[in-house]
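In full-length UniProt numbering, the protein residues as written are 1 to 227.
C-beta: ideal position from N, C-alpha, C; glycine also.
Worksheet for the structure shown next.
Below, the structure is given as structure tokens:
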């Protein structure tokens with residue numbers, strides 16, 4: 001019996017367990033010889049029977065249904081994108097889907113905040129190149145990539161993937177053209193400034209042009225560099 005089979009046997013026998021969720025590389029079919037099995041055990045209440053456990057082969061975290069329903073912290077939510085629900089005694093699949101799917105208001109808020117961060121980093125990069133600081137400019141350009149990814153995915157109502165899963169996300173859940181090509185890891189990592197005009201077009205089409213307009217003439221400086 002494998003470690004995962006043993007865990008499922010334990011979970012099924014425990015009435016306090018509401019569900020078992022497989023996440024990480026194994027859930028997405030991307031496991032390598034180095035991949036462990038990432039498991040979230042959803043419980044009715046903490047009892048000590050399911051402590052945090054990390055071994056060479058298993059990484060187990062136990063959360064209550066209430067904790068699973070809390071979507072206020074953004075960074076762990078993409079972990080449930082593509083997750084597999086291995087045991088569900090009621091409502092666990094819905095909680096997983098909620099973690100992995102932003103509301104329209106969440107996506108709107110993330111897009112506007114990330115867009116402002118993207119423009120800010122590009123503006124810093126452009127000024128550094130203009131003033132003869134190419135290394136600083138390169139660092140700012142790299143920092144802008146995360147903001148860029150969050151902006152574009154949020155404008156499509158989606159969570160930004162973890163970098164490790166960006167290629168998987170685009171392959172299994174494609175964005176409308178031309179974004180699958182533009183956000184391919186090898187391209188987006190090296191062309192954050194050149195992508196600015198495409199982002200501007202998308203932003204204005206989605207009704208968030210006011211965020212750009214607040215930057216005034218600074219936008220023109222970025223646009224001239226992007227060209």
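Per DSSP, cross-strand counterpart(s) of residue i
i	result
residue 53	60
residue 87	20
CB-CB length for residue i against residue j, believed under 8 Å
i	j	result
residue 168	residue 28	6 Å
residue 110	residue 71	Contact flag wrong, Cβ pair sits at about 12 Å.
residue 45	residue 64	6 Å
residue 62	residue 50	4 Å
residue 192	residue 145	5 Å
residue 226	residue 197	6 Å
residue 58	residue 3	5 Å
As assigned by DSSP and simplified to three states, the class of residue i
i	result
residue 82	coil
residue 103	coil
residue 218	helix
residue 12	helix
residue 24	helix
residue 117	helix
residue 19	strand
residue 40	strand
residue 150	helix
residue 131	coil
residue 72	coil
residue 227	coil
residue 138	helix
residue 48	coil
Any non-hydrogen atom of the ligand GTP closer than 7 Å to residue i Cβ
i	result
residue 113	Only the bare structure without any ligand can be found here, which leaves the ligand GTP out of the picture.
With three or more C-beta pairs closer than 8 Å as the rule, is the region 167 to 179 touching the region 124 to 133?
no
Three-pair Cβ contact test at 8 Å for the region 11 to 21 versus the region 34 to 47
yes
Evaluate contact between the region 74 to 89 and the region 5 to 15, counting only Cβ atoms and requiring at least three cross-stretch pairs below 8 Å.
yes
Complete runs of the alpha helix (DSSP H) confined to the region 157 to 223 [at least 4 residues]
166 to 172, 179 to 182, 185 to 188, 196 to 205, 209 to 213
Indicate whether the contact test is met: 3 or more Cβ pairs, each with one atom in the region 100 to 114 and one in the region 150 to 162, closer than 8 Å.
yes
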